[in-house]
């Protein structure tokens, strides 16, 4: 069954709906300047309420970071009792080793005129991330952008690679295209944020619909 990550959560209500809808991972953004960046104290309130209500049903909690000091990341990880840290910047192997919990490495897909070149470049990044024990999420490349782009890339690239690697597919997924994405790519997991929003705010109905499509895949 395809795993589901609901990302960019900013309030308890949406996070609780994500849990009830069967999400495997809940993502909270701690990248300064990002639109969905949460203050740690607010994230703690959300997570504490989730733990109280959902207890043993709570999914893996993921914090998103980009080019932040490892000491700062580890402090947030400890304060919130996170399960995974998603690394979205230009971090090195040594940096990842310094993080106290397992990591997900965001691999940005650069689309070249020749698809084989794109596949080769992405494969190299995947191999690098896997070599230091990270999971991998694929997202569209955008210069000077850290975190999710909300934009789709050529799924043929991901489809070629997902046959050999357990990959999380991100970038432009929504309720209208998720079935096609899973059918075409066959990813280990999918990651959604803007695709379940209305006017920039998480939409409970869209969360439920998206999750239902994933769970039935």
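Numbering (the numbering used here), first residue to last: 13 to 229.
Cβ coordinates follow ideal geometry from the N, Cα and C atoms, glycine included.
In the DSSP assignment, the residues bridged to residue 149 are 118, 180. In this structure, the CA atom of residue 45 is about 20 Å from the CA atom of residue 117.
In this structure, residue 223 sits away from residue 28, with a CB-CB distance that is not shorter than 8 Å. Scanning its chain for C-beta atoms nearer than 8 Å, with the 5 sequence neighbours on each side dropped, one finds around residue 96 the residues 37, 72, 73, 74, 75, 113, 114, 115, 116, 147, in chain order. Note that the C-beta distance between residue 219 and residue 18 is below 8 Å.
Only residues of its own chain outside the window of five on either side were considered, and among them 58, 61 have a CB closer than 6 Å to the CB of residue 24, listed in chain order. Looking at the DSSP output, residue 96 shares a beta bridge with 74. Annotation for residue 167: 196, 197 place their beta carbon closer than 6 Å to its own, counting only its chain and skipping 5 residues before and after. Under the three-state reduction of DSSP, residue 15 is assigned to strand. Within the DSSP secondary-structure output, residue 209 pairs in a beta bridge with 214. A direct Cα-Cα distance of roughly 11 Å separates residue 149 from residue 204. Residue 143 and residue 119 have their alpha carbons spaced roughly 14 Å apart.
Under the 10 Å beta carbon count, residue 84 is surrounded by fewer than 16 other beta carbons and is classified as exposed. The beta carbon of residue 123 is closer than 7 Å to those of 130, 165, 166 in its chain, skipping five residues each way along the sequence. Residue 36 carries a coil assignment under DSSP once its states are collapsed to helix, strand and coil. If you draw a 10 Å sphere on the C-beta of residue 125, you find fewer than 16 other C-beta atoms in it, and that means exposed. Setting aside the 5 residues that flank it on each side, residue 133 is surrounded in the same chain by 122, each with a C-beta closer than 7 Å to its C-beta; the list follows chain order.
For residue 128, no beta strand (DSSP E) run applies; the uninterrupted alpha helix (DSSP H) run containing it begins and ends at 127–143, by DSSP. By the criterion of a C-beta distance shorter than 6 Å, residue 35 is surrounded in its chain by 16, 18, 71, once the five residues flanking it on both sides are discounted. C-alpha of residue 183 to C-alpha of residue 221: approximately 18 Å in a straight line.
By the Cβ-count criterion, residue 67 is exposed, with fewer than 16 other Cβ atoms from all chains shown falling within 10 Å of its own Cβ. Excluding the 5 residues flanking it on each side, residue 53 has no same chain C-beta neighbour closer than 7 Å.
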